[in-house]
Structure formats: structure tokens, C-alpha cells
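Its first residue numbered 1, the sequence shown is counted upward by one per residue in UniProt numbering. First comes the structure, then the notes that go with it.
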Amino acid sequence: MSSFKASSFAEAAAVGSAHATNQAIYYLTSVSVGNPATNYQLIIDTGSANTWVGSKTAYKTTNSSVSTGARFAVNYQSSSVSGNLYMDKVALSTTLTVASQQIGIANKQTGFSGVDGVLGLGPVGLTKGTSSQGTTTTIPTITDNLYAKGVITSNVVSLSFAPTTVVGAVNGEITFGGVDTTQYTGALTYAPITAKYPASAYWGVDAAVSYGSTVFLYGHPTIVESGLTLIYLASDAFKKYQAATGGVLDSATGLLKVTAAQFNALQPLTLTIAGQKYSLNANAQIWPRTLNTAIGGQANGVYLVVADLGTPSGSGLDVIAGQVFMERFYTSFDSTNKKVGLAQTKYTSASVN
């Protein structure tokens, strides 16, 4: 964990940052809990808002630990966790510290093998119904509390991710309280949170999706979520993408597989958000080939990172722009003004996969 000089940030007042490690299928950051502190490696998740520990490394009660007497439970897309709620000291760096943060302590979880828990960076409304304190009660996020205590002067969290060809690359950054202007190029463009539910409960914006010159979706609700690896399209749009690319579903990986010739013929996949185009070139649409065997693929195979959401368009959540999208674009999430910012980076068009 570390902090950076304020001069590198767009907002000169209280802003802090912490490193993030690319594990290929998710990003981790080190968070210390308690006094004396225990360090936990937590998944960075903008698609949920509960922060919890104890999946791998056991929670240790210390001088700063206070049981609330309440319980919590969170269901994710393919995993879940439940346990007890505690108040405790939480630190993401030497400057980013909350003296009394409500966190979950897992005593039962599925789908979190090898990690300690989750750092929830989604809108606080996602915590409703997750605790025994009441169905309408929310649990302030770490970002909320950093802002409320004056540690940061804006209720904003921003993420800088980058593609990787190895597991464990420390190539990411979380910035609380503003944006780090050294991590993106050009202008940061903001889009308001969509009015369409359920995407409106997340960091959701309206986006058009096109492949080459063919538009698959017009102004459909899209959530920007670091907790999921891939880009997911509504089933009808995914089928069009599959037909256009010629990809064949691979049973070993669950991904679309293309030939070398089909890879060379891939057209840009573009999300148009607030009038700005965010295009993924051919290289950005494939899984890192050096990591093929890590997901059960063939070493020389070419696998696409676009998958089927499993629901038709018009369901209120039609696109998920996951980690592979965020590795190509800088993202900023503003709770106060209910907007999401995006910008290009030096990795947007990089051919690293």
C-alpha cells in the first residue's frame, strides 16, 4: 500500500491512492483491518458495495474491533457470503484510513477460494437488504466514510487498470477523492447514471454497442463492473457478435474461440457513451494468449472475451463492461453527482494480448 503526491491528481485537495494487482480474472488490493492490523487481499468490485474479510485469512479481533450483533449476507452472480458485522479500523494506505468502518466477517462463503474477501466500491444502495439491521438499512461504503470523515474531499473513486500477460502484475491503482491525471490521456468524459432499473442501482450508464459499422444495441443500460472479468452482451446482441466474428463456443473455457484468420478480420467493438466512442480493437477483444492454459484453453488458441449475459435486451441491464474493458479505459465513479467518467489510456489500443 502506498500514497502518491497530490500534484499528480486533478483535485489538489485530499486525494489518496493504493496499488492494485492484476490476477487476470480479478484485481486485488491490500487492505489492513484492526489495531494491530491484519492485511487482507480483497477483490476490487465496483458491482457491489459490501466490504468483508475472512474467506482465506481469518479475521482477528483486536483493540479496535466492536461487534454490532448484526449479521450480513450477500449473493453475487455465482458466489455468496454470510457472517457477522463488526466495526473496525480499516486502512488502504497510510493516508486512507477509516477509524470505524462497518465490515462483514465471513463465516460461510462459496466461490472465493484463494482470496480474503471483497472491497465493495459500488453505490451504497446495493447494501440494502444485506444485513439483519433492516431491509431498508444501508451500510456506508469505505468511500462514503472516507468522504464523511474529511479524509477525501469528493465522494469519488477512480480506477486505473491495465492488460497483463502474467498473473500478479502490480499494474493498477485505486484513487479515492478524485482522479489521477497521469493515468489517462485526453479528456475524461462523464455520463449520468441511467434511469433504467436494475442498471440504475449500479454504476450504470446508457450505451450503444456496435461491431464495425453494425449497431447491435442503441442506448441500452450498461454497468461498469470490475468484479466481473469479461464483457457481457444481452443474448440477442451476443448472437449477432458471434455470427459476425465466426466464433465457436469452446467447451473447455466457456469462451468463443476464433481461428487466426478470424482474429485478423476482427472489427472494432465500440461502446458509445455520452457521445464518446470507446473502441476495443482486435487485440482488446481476446484473452491474453500467454494465459490460455490458466483457463483451460489451448496454448495457441485465440479466445474472445465477449460473453452471453443470458438475458434478452430490454431487461434493464443489457451490457456489463467488466475488467477487460476497464483495462483499456480509465474509469471514475462519482457518488455525489451520480455519474461515471471514462477516458482513454496508453493501453487503449495496445497490442499486448
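Cβ atoms here follow ideal geometry from the backbone N, Cα and C, with glycine treated the same way. Every value quoted in this text rests on a predicted model; they were computed, and no experiment measured them.
Contact belief for residue i with residue j at Cβ below 8 Å, rounded distance in angstroms
i      : j      : result
LEU217 : VAL319 : 7 Å
VAL302 : LYS257 : 7 Å
ALA18  : ILE174 : 5 Å
TYR26  : PHE161 : Going by Cβ atoms, the distance from TYR26 to PHE161 rounds to 11 Å, so no, they are not a contact pair.
ALA201 : GLY296 : With a Cβ gap of about 33 Å, ALA201 and GLY296 do not count as contacting.
VAL306 : GLN285 : 6 Å
LEU119 : ILE44  : 6 Å
MET87  : VAL74  : 18 Å between Cβ atoms; not a contact.
THR194 : GLN344 : The Cβ separation is near 22 Å, so there is no contact.
GLY34  : SER64  : 6 Å
Residue i burial status per 10 Å Cβ neighbour count (16 or more: buried)
i           : result
ASN337      : exposed
SER48       : buried
residue 382 : With the chain covering only 1 through 353, there is no way to say anything about residue 382.
ALA187      : exposed
ASN292      : buried
PRO312      : exposed
SER2        : Residue confidence is low: SER2 scores 30 on pLDDT, short of 50, so the model does not pin down where it sits. Its coordinate-derived value is still stated next. With fewer than 16 Cβ atoms within 10 Å of its Cβ, SER2 is classed as exposed.
THR248      : Per the sequence shown, the amino acid found at residue 248 is Val instead of Thr. So VAL248 counts as exposed.
LYS346      : exposed
GLY275      : exposed
ALA106      : buried
GLY314      : exposed
GLY117      : buried
THR127      : buried
GLY111      : exposed
VAL115      : buried
THR259      : exposed
SER213      : exposed
ASN300      : exposed
VAL170      : exposed
Inter-residue Cα distance where the pair is residue i and residue j
i           : j      : result
GLY150      : VAL98  : 10 Å
LEU269      : ASN353 : 16 Å
ALA24       : ARG328 : 14 Å
THR62       : GLY54  : 14 Å
PHE242      : THR51  : The sequence shown places Gln at residue 242, not Phe. Going from the Cα of GLN242 to the Cα of THR51 covers about 36 Å.
VAL167      : THR229 : 14 Å
ALA208      : LEU342 : 15 Å
THR165      : ALA294 : 11 Å
THR135      : GLY129 : 4 Å
ASN281      : PHE325 : 11 Å
GLY104      : SER113 : 17 Å
ALA37       : GLY178 : 27 Å
ALA350      : LEU233 : 23 Å
THR137      : SER279 : 39 Å
TYR59       : PHE72  : 15 Å
ILE231      : ASP334 : 22 Å
residue 357 : ASN22  : Nothing in the structure corresponds to residue 357, since the chain is present only between 1 and 353.
PRO288      : LEU317 : 27 Å
VAL15       : ASN283 : 34 Å
LYS277      : ALA20  : 27 Å
Chain C contact for residue i (CB, 7 Å cutoff)
i      : result
THR165 : In the structure shown, chain C does not exist; there is a single protein chain.
Selection from the options that minimises the alpha carbon distance to residue i
i      : options                        : result
LEU92  : LYS128, VAL157, ALA70, GLY111  : VAL157
PRO123 : PRO198, VAL53, ASN171, SER160  : PRO198
GLY204 : SER226, SER213, PRO312         : SER226
PRO192 : ILE273, SER79, VAL248          : ILE273
VAL215 : LYS346, PHE238, ILE105, TYR330 : PHE238
SER251 : ALA73, PHE112, GLN298, GLY219  : GLN298
VAL90  : GLN109, GLY83, LEU42           : LEU42
SER78  : ASP180, LEU309, GLN267         : LEU309
GLN183 : GLY172, TYR190, PHE176, GLY16  : GLY172
ASP180 : THR331, LEU121, ALA265         : THR331
ASP236 : GLY16, SER210, SER32, THR259   : SER210
PRO140 : ALA261, SER132, SER100         : SER100
LEU85  : THR95, LEU96, THR94, GLY69     : GLY69
THR95  : VAL31, LEU266, ASN283, PHE263  : VAL31
GLN133 : THR46, SER154, ALA148, GLN102  : GLN102
PHE263 : THR253, ALA244, LEU121         : ALA244
THR57  : THR290, GLY219, GLN109, HIS220 : GLN109
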